[in-house]
Every structure is written in C-alpha cells, then in structure tokens.
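Chemist: Quick note: this note's numbering has the sequence shown finishing at residue 614, numbered continuously throughout. Even for Gly, the Cβ is constructed at its ideal location relative to N, Cα and C.
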Amino acid sequence: MKKLFILIGSILFIEFGISQIPEPLAYYDFEDEEGDVVTDKGPLGNDGIKDTGISYGGGPGSSNSNSPGNETPAQGIDGDGGTKYLNFARLNTGIIVTPQNSSTVASISLATANDAVERDPTSFILYGTNETIQSANDSVGNSEDWTEIESGDFNLPDSRNTPGTIINIDNDTEYESYKLIFPTVKGNGNSMQIAEIQFYTEEDGDGEPILSPFDAVIGIHAADIPPFTGAPAGSSPNTAASFNNNKIDVPGIDLDNVIGGAGSYTFTAWIKPTDLNGEKFIFGQTNQGIHNGIRNNSYLHQAHWGADTNGATNLNDYLANDEDGWIHAAWTYEGSTDIGKIYLDGVLDWEGAKGEPNGSGNLIIGGRNGGERGFVGLIDEIAVWDVAVTDEVIAELAEGLSPIGSNLPFQITNINYIKETEELELTWDSKPEKTYSLFYNTALDEWESDIDDSIESEGDSTTYRFVNPEGPDTKRLFFRVIEN
C-alpha cells in the first residue's frame, strides 16, 4: 500500500504539520474495568453499559457450578463416550481430579458430547497440586495452592461423540491432583459439556492413561481465572472482553446523522472469533440500521438493513493460517458519497456503493437491532469515529498504533531552507530498504511534478536536499512524499 502525507511549506517562513489520527467518538480497551460500565478511554466520555454476560475473565467471584444428576464430573472420566459431564455455570467450569497414583501429565485427550455444539469448550487451563484436596464439589476450587502448568486454545470438531482431540502439555513435574478449567465455549449455549477427559503420560495421547472411573473427581466453577488476554499486536494487549451474543449499549453515540444520510462512520476492533457460523454482528443500532460484523458463515460483512455486502475473504481459511487467532477488522462509510469499505488486518477487503442505514437509535456493540445475532469470542480495542478515516490510518491501527493520541508514524518531520545555496532540505520518517518519491506543486491541486522518484531510504529517517524547482522567487510550495 502506498502511503502519502502532505507538507505545506514556505521558503521565507517554514510551516509544516504532523498528521494525527482523528480523535474518536469512543475507544474501549477493556483495561481496569469494574462493574457494568465500560469506560471510554477517549476524550469524550461516551461510556457504555454492558450486559452482565460480557466477561473480562477473572471468574464469577462465587461458584454457580451445577450439573444434572446423570451428567456429573464422574461421567467425564468414566471411559464411556456415550455419557458426558455438563455444567450449567458454563464459562470457567471444569474438574478437580485425584488419580489413583501421582502422575506427570504430558497430553490431554478430549471427546465431544452428544448435542449442542455451542456448549463445547474452546480453551483450557491446567493446574497441579500435591496438597490434599479440601475443595468441595460445586465450589470455586481454590482451597489448595495450585501451580499453573499450561493454558491455551483448542478446536473440538463439530461432529458429535467424537474422541481424539489431543492437547500436548509441556510438563515434567509429578502431581497428586489436577485442576482442569475450560474458560470459554464455542457459542451462546446454556452450559459447558464434554464427553470424555483423559490424561496421558506421553505426548500425542501416547504412554499410559492416567485417569480412571475410580478417581475422586469434583466439579468446579473457578473464581481465580486470569483476565482474558487482549490482541497481542494491538496497543493495549493486557485484557479483552468475551462476548457470547451480548451487547454494550452506548447511549451517548446517536446515529441519527448517519441515518439521515449526511454523516459518516468508522468502526474498528481487534477480534478473536470462536464461532464463525451464521451471523455474528459486532456493530449495530438499537433499531435496525447498521449491522456490521461476520455473516454468511465466515465473511466480514457490512450491512445497512438493505445494503448488505460480504468482504472477499473467507475467515475460516484465513484464520487457519493465523498464528494467534486475532484479526483487525474495520468498516468505514462516507455519507457524502455513499461509499462503504471493509478492511481485514489493515488491507481493503471490499469497497463499493453503500446506501445510508435506516432505523433509529444509538450505537450498540456486540450485536444488531437492539442486541440480537451477536458476536461470539474475544474483542479488544474498539474505536468509533464520525468520519471515514483513511486507508493509511486503518493500516497503521492494524500494525498496533493506538486510536487515541497518536501521530501516524510516516511523517515529514522537518524542512529547512539553506539560504547560502538556495536549497531546500526535507526530512521524513522512513523504513529501511524502501524507496520514496518526492512531488511538489504550487497550489495544492495536481501532483504531476516530481523532484525525484527513487530516493533511497537512509533508515528510520531520510533527509533529501534539492534546489527549489520553481526558482528563488517562489515563496510557497507544497510537497508530497510517497513510499514506493
């Protein structure tokens, strides 16, 4: 992508400006949040109100663990793939199990249960202890000192009653008891379920099985889960919010100007979806209108209730090759031209005609039309503008630039007039091993006159000196630098 910034300069009085990202209407990074108020970290104070189902991790504070009489934790280790363990507390649920003998877990095998794919867990935390278990069944499971062994994500198949999902564990320590927590599930079901859990003494499910139907096992709903980690490539990666068809209501951002056809918008977010099936919207209104998110089974989508468009990229394929599961998604709409754009990881994924949205009301985050068909997964660093920001801004946000208080990194930083030689000297931020073109004009209109189209980068900053192309009597020139 070519990047350009304009510098306005006068030979007698030099003036130039740094290109800043516009201040957003709202910015939510989910750091240090308490209660149901989501703090706007931008300058306008457009706080949101979240549904109680939106979680930052950290557990519920008290256990809501509850299992049916024939779907208890014991059914999760009984060796029978036709039974299952189900816990209605859903997120952050799991087991504490004490095998017959002390053991060193090197891998875990999981099997899917019989129904409701949305109940399947998608992540885990494994702990070990050599203390006698004091925690009671259906407790928070923290009456012992536990050592975290490993955590991560996994992907169970949608096929039912299917064994064989293996998670390798980097562990060489022997423990008497283990705690296995499932912090997240695939969708907006009413519970967490798993048919079979087995530990092995070697990687890849090899070696000896560790668990047996005779082991002491209890169900738990953990309260000591760490916060959900945010987008690692973002500017605020410590905490993310977990959405499961829930919403944040933002009453301070009224969308009437956009609905009326004069206004514009930009919506951006880092997202880590755990369910790409069907419709999973991220930005919407309280009544119809805007519904941007994921649609048609794994495409970024922009819709104005009658102006519906997919992006070009199938996210199932795209995320299969992604290292951490996080992507940067952005949507813009320019009301004056009725042009919409969709971006994936800073790259334009679709552009075209987009009619103004209908409906009414204020912005909601996490769903559409008052809070339906909502996103499932983690979201971090949500930013909202009432302008359509440029391609360059979107690209830099996807590279980790903060939406607030940031200058775009590619800037003209200095311009000097050398009186003795009647030369001009420009300095700009640059990248190693790149080349640049320098253009000028006298009226800030056409950029057909180039001074040099192959200036080699000098590293993080490049300085270029040249004779005034219009002669010493010209007192005002405009310059443009383009990364080739």
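#1: The beta strand (DSSP E) with Leu556 in it runs from where to where?
#2: Over what stretch of residues does the beta strand (DSSP E) that includes Asn374 continue unbroken?
#3: For a test of the three-state rule: what should DSSP assign to Lys133, helix, strand or coil?
#4: Tell whether a beta-carbon distance below 7 Å holds between Ser584 and Thr557.
#5: Considering only the beta carbon of each residue, do Gly504 and Ser365 sit closer than 7 Å?
#6: Can you have a look at Arg595 and say buried or exposed, based on whether 16 or more other CB atoms are within 10 angstroms of its CB?
#7: Excluding the 5 residues flanking Ser140 on each side, which residues of the same chain have their C-beta closer than 7 Å to its C-beta?
#8: Let me make sure I understand the geometry here. Which of Thr314, Leu445, Glu522 and Val235 has the alpha-carbon closest to that of Arg249?
#9: Helix, strand or coil for Val227, going by three-state DSSP, please let me know.
#10: Can you give me the start and stop residues for the beta strand (DSSP E) that Ala460 sits inside?
#11: Do you know offhand how far Gly178's Cα is from Pro203's?
#12: Apply the 10 Å Cβ neighbour rule to Ile255 and answer buried if 16 or more other Cβ atoms are within range, or exposed otherwise.
#13: Just to confirm before moving on: does the CB-CB distance between Gly349 and Ala246 stay below 7 Å?
#14: Please list the terminal residues of the continuous alpha helix (DSSP H) segment that includes Ile524.
#15: Output the distance between the C-alpha atoms of Glu115 and Leu478, rounded to the nearest integer angstrom.
#16: Should Ser193 and Asp268 be called a contact, given that it needs their Cβ atoms to be closer than 7 Å?
#17: Less than 7 Å between the C-beta atoms of Leu508 and Ser372, yes or no?
#18: Which one or two residues does DSSP pair with Trp515 in a beta bridge?
#19: If we call anything under 7 Å between Cβ atoms a contact, is Arg498 one with Gly414?
#20: Which runs of the beta strand (DSSP E) at least 3 residues long sit entirely within the stretch 148-222? Give them in chain order.
#21: Judging by CA-CA distance, which residue of Ala399, Ala392, Ser428 and Asn417 is the nearest neighbour of Asp405?
#22: How about Glu161 and Asn368: are their beta carbons less than 7 Å apart?
Modeler: Short version:
#1: Looking up residue 556 in the sequence shown gives position 426. Leu556 -> beta strand (DSSP E) spans Glu553 to Asp559.
#2: For the purposes of this step, residue 374 is taken as the residue at position 244 of the sequence shown. Per DSSP, Asn374 belongs to the beta strand (DSSP E) from Ala371 to Asn374.
#3: The sequence position of residue 133 within the sequence shown is 3, counting from 1. Bear in mind that a pLDDT of 43 at Lys133, under 50, signals an unreliable position, so the model cannot answer this.
#4: Taking the sequence shown and counting its residues from 1, the one referred to as residue 584 is at position 454. Taking the sequence shown and counting its residues from 1, the one referred to as residue 557 is at position 427. Their beta carbons are not under 7 Å apart, which means Ser584 does not touch Thr557 by this criterion.
#5: Here residue 504 refers to the residue found at position 374 of the sequence shown. Here residue 365 refers to the residue found at position 235 of the sequence shown. No, they are not a contact pair.
#6: Within the sequence shown, the letter at position 465 stands for residue 595. When all chains shown are included, Arg595 counts as exposed.
#7: The residue given as residue 140 occupies position 10 in the sequence shown. Residue placement at Ser140 is flagged as unreliable, the pLDDT there being 39, under the threshold of 50; a coordinate-derived value is accordingly withheld.
#8: Here residue 249 corresponds to residue number 119 of the sequence shown, with the count starting at 1. The shortest C-alpha separation from Arg249 is found at Thr314.
#9: For this step, residue 227 is matched to residue 97 along the sequence shown. Note: Val227 maps to strand in three-state DSSP.
#10: The residue given as residue 460 occupies position 330 in the sequence shown. Where Ala460 is concerned, the enclosing beta strand (DSSP E) stretches over Ile457 to Glu464.
#11: Numbered from its first residue, the sequence shown carries residue 178 at position 48. Numbered from its first residue, the sequence shown carries residue 203 at position 73. Those two C-alpha atoms are separated by around 38 Å.
#12: As a working note, residue 255 is residue 125 in the sequence shown. It is buried - the Cβ of Ile255 has at least 16 other Cβ atoms within 10 Å.
#13: By one-based count along the sequence shown, residue 349 stands at place 219. By one-based count along the sequence shown, residue 246 stands at place 116. No, these two residues do not count as a Cβ contact at 7 Å.
#14: As a working note, residue 524 is residue 394 in the sequence shown. Asp521 to Ala528 is the span of the alpha helix (DSSP H), which, as asked, contains Ile524.
#15: Beyond the ends of the chain as shown, which are 131 and 614, falls residue 115; an answer cannot be given.
#16: One-based indexing of the sequence shown puts residue 193 at position 63. One-based indexing of the sequence shown puts residue 268 at position 138. Their beta carbons are under 7 Å apart, which means Ser193 touches Asp268 by this criterion.
#17: Numbered from its first residue, the sequence shown carries residue 508 at position 378. Numbered from its first residue, the sequence shown carries residue 372 at position 242. Yes, these two residues count as a Cβ contact at 7 Å.
#18: Taking the sequence shown and counting its residues from 1, one reaches residue 515 at position 385. Trp515 is bridged to Thr396.
#19: Sequence index remark: in the sequence shown, residue 498 carries index 368 (1-based). Sequence index remark: in the sequence shown, residue 414 carries index 284 (1-based). Cβ atoms of Arg498 and Gly414: closer than 7 Å.
#20: 156-158, 178-180 and 215-217
#21: In the sequence shown, residue 405 corresponds to position 275, counting from 1. When only C-alpha atoms are compared, the closest one is Ser428.
#22: Stepping through the sequence shown from its first residue, residue 161 is reached at position 31. Stepping through the sequence shown from its first residue, residue 368 is reached at position 238. Against a cut-off of 7 Å, the Cβ pair of Asn368 and Glu161 comes out as a contact.
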